[in-house]
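Numbering (UniProt numbering), first residue to last: 1 to 292. Don't be surprised by glycine CBs; every beta carbon is placed ideally from N, CA and C. Input: a single structure, listed below in structure tokens.
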């Protein structure tokens, strides 16, 4: 099935958490029992639930054996939860989440996880915590696995860089990187050959390593109008370097740089710069001299 991935900001909420063991060969049964225990615990404590039940993985889900997970459900706080319940109330702060929905049995959830991982890699995000599965329609509601609906949520943060891998020569990668940046409105205004500099100044040898300073005049003007100190963030560094498996091209993530300033007016500028840099790197991967 096709998976649509959305990036959302999860609002702060209080969650009733109950650790339980689930077994790979009895997922549906164990999840349904965990949900019933969770609902019973909330009722005994006088808690009002306010969302779908979830499980959060403290370790990588396995194909065999069993693991301990945290069953959870958003609730309105109440004071009658005792230690004998084995449950705790956890206040979750707001955070970014990449999420997608899977329709069908739990045996095919791997495809949804792969879709999320691919989306994060292609859009310059990385995991910031364990995944959570929210059971919008769970096994406590239906017996036909085809009717199950599970939302997978992974907390994410912007990666410090946006990177792609190329199977080509270093010279070709540099030329294609310049062209891809130009097609998205960036000009290369500085260039540092780190390999040559270290060889000349220190007599040290490293693999090919070139830093290009990319600047989009329109975005630079907007950034400086919002905050004159934004010049400290300009230009955006794009690195082209050799690795054992080919060439890596990586750009500094404008979102991460702007986080250091704390200036809200710079965020839309950074978001636009990030979108254009991602487009340039995607274009770099798809473009080849044979198709130009």
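Backbone CA spacing between residue i and residue j [nearest angstrom]
| i | j | result |
| --- | --- | --- |
| residue 252 | residue 266 | 16 angstroms |
| residue 239 | residue 151 | 37 angstroms |
| residue 122 | residue 83 | 44 angstroms |
| residue 271 | residue 223 | 11 angstroms |
| residue 67 | residue 285 | 39 angstroms |
| residue 176 | residue 195 | 20 angstroms |
| residue 11 | residue 171 | 47 angstroms |
| residue 49 | residue 20 | 19 angstroms |
| residue 3 | residue 173 | 32 angstroms |
| residue 44 | residue 89 | 14 angstroms |
| residue 65 | residue 92 | 29 angstroms |
| residue 278 | residue 124 | 8 angstroms |
| residue 105 | residue 137 | 11 angstroms |
| residue 85 | residue 129 | 26 angstroms |
| residue 51 | residue 101 | 16 angstroms |
| residue 109 | residue 27 | 12 angstroms |
| residue 145 | residue 157 | 33 angstroms |
| residue 221 | residue 231 | 10 angstroms |
| residue 206 | residue 199 | 8 angstroms |
| residue 18 | residue 126 | 27 angstroms |
| residue 275 | residue 25 | 43 angstroms |
| residue 225 | residue 73 | 45 angstroms |
| residue 47 | residue 53 | 14 angstroms |
| residue 107 | residue 117 | 18 angstroms |
| residue 113 | residue 197 | 43 angstroms |
| residue 192 | residue 131 | 40 angstroms |
| residue 255 | residue 166 | 24 angstroms |
| residue 190 | residue 201 | 19 angstroms |
Three-state secondary structure assigned by DSSP to residue i
| i | result |
| --- | --- |
| residue 191 | strand |
| residue 154 | strand |
| residue 102 | strand |
| residue 170 | helix |
| residue 205 | coil |
| residue 46 | coil |
| residue 333 | Any property of residue 333 remains undetermined from this structure, which presents the chain solely from 1 to 292. |
| residue 177 | helix |
| residue 227 | coil |
| residue 70 | strand |
| residue 292 | At residue 292, the pLDDT of 39 sits below 50, so the modelled position is not reliable and the matter cannot be decided from this model. |
| residue 21 | strand |
| residue 216 | coil |
| residue 132 | strand |
| residue 13 | strand |
| residue 199 | helix |
| residue 141 | coil |
| residue 182 | helix |
| residue 111 | helix |
| residue 239 | strand |
| residue 281 | helix |
| residue 261 | coil |
CB of residue i within 8 angstroms of CB of residue j, strictly
| i | j | result |
| --- | --- | --- |
| residue 219 | residue 269 | yes |
| residue 298 | residue 141 | One cannot answer for residue 298 here, as it falls past the ends of the chain, which runs 1 to 292. |
| residue 233 | residue 257 | yes |
| residue 96 | residue 7 | yes |
| residue 30 | residue 23 | yes |
| residue 5 | residue 111 | no |
| residue 235 | residue 215 | yes |
Spatially closest choice to residue i from the options, by CA coordinates
| i | options | result |
| --- | --- | --- |
| residue 243 | 5, 199 and 209 | 209 |
| residue 248 | 277, 162 and 98 | 162 |
| residue 273 | 155, 186 and 16 | 186 |
| residue 178 | 53, 250 and 260 | 250 |
| residue 241 | 164, 182, 283 and 201 | 164 |
| residue 188 | 69, 237, 283 and 245 | 237 |
| residue 260 | 217, 221, 160 and 198 | 160 |
| residue 41 | 199, 75 and 183 | 75 |
| residue 169 | 246, 281, 9 and 17 | 246 |
| residue 280 | 166, 126 and 183 | 183 |
| residue 15 | 87, 225 and 117 | 87 |
| residue 155 | 120, 143 and 254 | 120 |
Whole-angstrom C-beta distance between residue j and residue i, which should lie under 8 angstroms
| i | j | result |
| --- | --- | --- |
| residue 57 | residue 34 | Not a contact, Cβ separation roughly 13 angstroms. |
| residue 283 | residue 180 | 5 angstroms |
| residue 32 | residue 139 | 4 angstroms |
| residue 94 | residue 9 | 6 angstroms |
beta-carbon residue i near the ligand GTP non-hydrogen atom, thresh 7 angstroms
| i | result |
| --- | --- |
| residue 205 | Among the components modelled here there is no ligand, and therefore nothing to report on the ligand GTP. |
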